[in-house]
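In what follows, a structure is listed as structure tokens, so that the remarks can point back to it.
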Amino acid sequence: MGMLYGCPLFSCRRISMTFTLTSDNGTTAVVRTTGGELVSYINDGIEYVWQGHPDHWEGQAPVLFPVVCSPKDGKIAFNGVEYPMPKHGFAMTKEFKPVFVTKDSVTLELRESEETLAMFPFRFSLKVTYTVYDDGFDAAFSVTNLDDGEMTFCIGGHPGFNCPLTEGETFEDYRLVFDNAEGAVVSISDKGFMNDAVPKKDKLKGTNEIPLIYSDFDEDAMIVENLPCRRVKLISDKTGRGISFDFDGFDALGLWTPEKRKSPFLCLEPWNGLPADVKETTEAKSKKYAITIGSGETYHVGYRTRVI
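Each residue of the sequence shown is one higher than the one before, starting from 1074 at the first, in this note's numbering.
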């Protein structure tokens, strides 16, 4: 049975709460209400989620809403009216409310506020549900339009995974293996923006694998589009350990580790939306892969992580 306040599954510290979820075999995940973020997944004694560090990246697995990446000129327009919007949107810094908790899952909700309405002029509900399993975890997003007219938004995940997972390995001992990458296009973000003038990468031409090489991230994220199958594995050549990552329903996948820092993690970022194109306007509906839903409608999407 799900429980809320008074439940022993979470602890309070100031405003933020953390929930420890447990699977049948004792595998654990930790979810934090600030940002609605999953901040730990431990399986067989191995921590799979990046734990954050000021020398590399203090984030862990933020929820991206209602934009992904950097909006043009730091603004987003709805019906011709521009509003200020931070990189990756505002959800990652907001306090979510727990609405349902069980031993192995938690649902958190973010609603509009005076502060969000100044950036995103819509009444909405963003729910995030995390479920832990013996061999992985799921993240499910649902966005409901509580306003009177249409609502346009982007949504995505930004989970960072430890890479390497165990001692005696390095980041460059790992590779990404896509189930099917025929016809996929790999772009390099140009200082946080899309730019057709920047040559495409041939990383998936004639292959379905991308060996991890730090120098490939020296400019910014790699962005993979046109994938016929939304599944990728992050695997160690030394141990065979890693994860399988399914992102059905998302149109693009960002691959990122901080440039020129040799950080021990990789972010797999499923996106509906893209970084702003240098040639596009600030209008939300002009953004590639943006989602538009009518009044009262709900949009569902999510990703799945499994241990290999």
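Beta carbons: idealized from backbone N, C-alpha and C, even for Gly.
Nearest-angstrom Cβ-Cβ length linking residue i and residue j, presumed shorter than 8 Å
i, j, result
"THR1225", "ALA1363", "5 Å"
"LYS1274", "VAL1250", "With 8 Å as the limit, LYS1274 and VAL1250 do not qualify as a contact, their Cβ atoms being about 17 Å apart."
"ASP1220", "ARG1248", "Going by Cβ atoms, the distance from ASP1220 to ARG1248 rounds to 44 Å, so no, they are not a contact pair."
"ASP1177", "THR1312", "At roughly 27 Å, the Cβ-Cβ gap does not stay under 8 Å, so ASP1177 and THR1312 are not in contact."
"GLY1236", "LEU1307", "The amino acid occupying residue 1236 in the given sequence is Cys; Gly does not appear at that position. The pair is a contact, with the Cβ atoms about 7 Å apart (cut-off 8 Å)."
"LEU1328", "CYS1142", "Contact flag wrong, Cβ pair sits at about 13 Å."
Nearest to residue i (by Cα), restricted to the options the options
i, options, result
"TYR1114", "GLY1132, ASP1208, GLU1187 and PHE1138", "ASP1208"
"ASN1345", "THR1101, VAL1112, LEU1183 and PHE1138", "PHE1138"
"CYS1183", "VAL1201, LYS1176, ASP1177 and PHE1173", "For clarity, residue 1183 is Leu in the given sequence; the question names Cys instead. Selected option, being the one with the closest Cα: VAL1201."
"PRO1254", "PRO1194, HIS1373, THR1280 and ALA1134", "Note on residue identity: the sequence assigns Ala, not Pro, to residue 1254. Minimum Cα distance to ALA1254 is reached at THR1280."
"VAL1297", "VAL1141, LEU1277 and PHE1173", "LEU1277"
"GLY1233", "SER1336, ILE1366, ALA1357 and THR1175", "SER1336"
"PRO1171", "VAL1374, MET1295, ALA1294 and THR1107", "THR1107"
"THR1166", "PRO1135, ASP1350, LEU1347 and LYS1306", "PRO1135"
"THR1204", "PHE1092, GLY1125 and GLU1370", "PHE1092"
"PHE1210", "SER1143, PRO1127, GLU1110 and PHE1338", "GLU1110"
"THR1243", "LYS1361, PHE1338, SER1089 and TYR1206", "PHE1338"
Other residues of its chain near residue i: CB distance less than 7 Å, five sequence neighbours each side excluded
i, result
"ILE1286", "GLU1245"
"PRO1343", "GLY1229, GLY1230, PHE1320, PHE1323, LEU1326 and TYR1376"
"SER1368", "ASN1218, ASP1220, ASP1221 and GLY1222"
"GLY1256", "ASN1299 and PRO1301"
Cβ shell of residue i (< 6 Å), same chain only, five flanking positions each side left out
i, result
"TRP1130", "PRO1331"
"ARG1086", "The predicted model places ARG1086 with a pLDDT of 39, which falls under 50 and marks its position as unreliable; any figure quoted below should be read in that light. There are no such residues."
"GLY1061", "Since the first and last residues shown for the chain are 1074 and 1381, residue 1061 lies out of range."
"LEU1238", "ILE1119 and ARG1314"
"ALA1213", "THR1202 and GLY1375"
"PHE1365", "Correcting the residue type first, residue 1365 is Thr in the shown sequence and not Phe. Hits under 6 Å: GLU1223 and THR1225."
Close Cβ partners of residue i (< 8 Å) along its chain, the five nearest in sequence each way excluded
i, result
"THR1046", "No statement about residue 1046 is possible, as the shown extent of the chain runs from 1074 to 1381 and does not include it."
"SER1359", "GLU1353"
"GLY1153", "GLU1356"
"LYS1148", "GLU1155, TYR1156, PRO1157, MET1158 and THR1355"
Any beta strand (DSSP E) of 3 or more consecutive residues that is wholly inside the stretch 1106–1170: Within the stretch 1106–1170, the complete beta strand (DSSP E) segments of 3 residues or longer fall at 1110–1116, 1148–1151 and 1154–1157, listed in chain order.
Would you check if the stretch 1368–1380 and the stretch 1310–1317 touch, i.e. whether three or more CB-CB distances between them fall below 8 Å? Because the criterion of three Cβ pairs below 8 Å is met, the stretch 1310–1317 and the stretch 1368–1380 touch.
Could you tell me whether the stretch 1109–1124 touches the stretch 1092–1101, using the rule of 3 or more Cβ pairs below 8 Å? A contact exists between the stretch 1109–1124 and the stretch 1092–1101.
Quick one: complete beta strand (DSSP E) runs, 3+ long, within the stretch 1308–1341? Taking 3 residues as the shortest admissible run, the stretch 1308–1341 contains the following complete beta strand (DSSP E) segments, listed from N- to C-terminal end: 1315–1319 and 1325–1329.
Entirely enclosed alpha helix (DSSP H) segments - the stretch 1174–1228, minimum 4 residues: Scanning the stretch 1174–1228 for uninterrupted alpha helix (DSSP H) segments of 4 residues or longer gives 1187–1190, listed from N- to C-terminal end.
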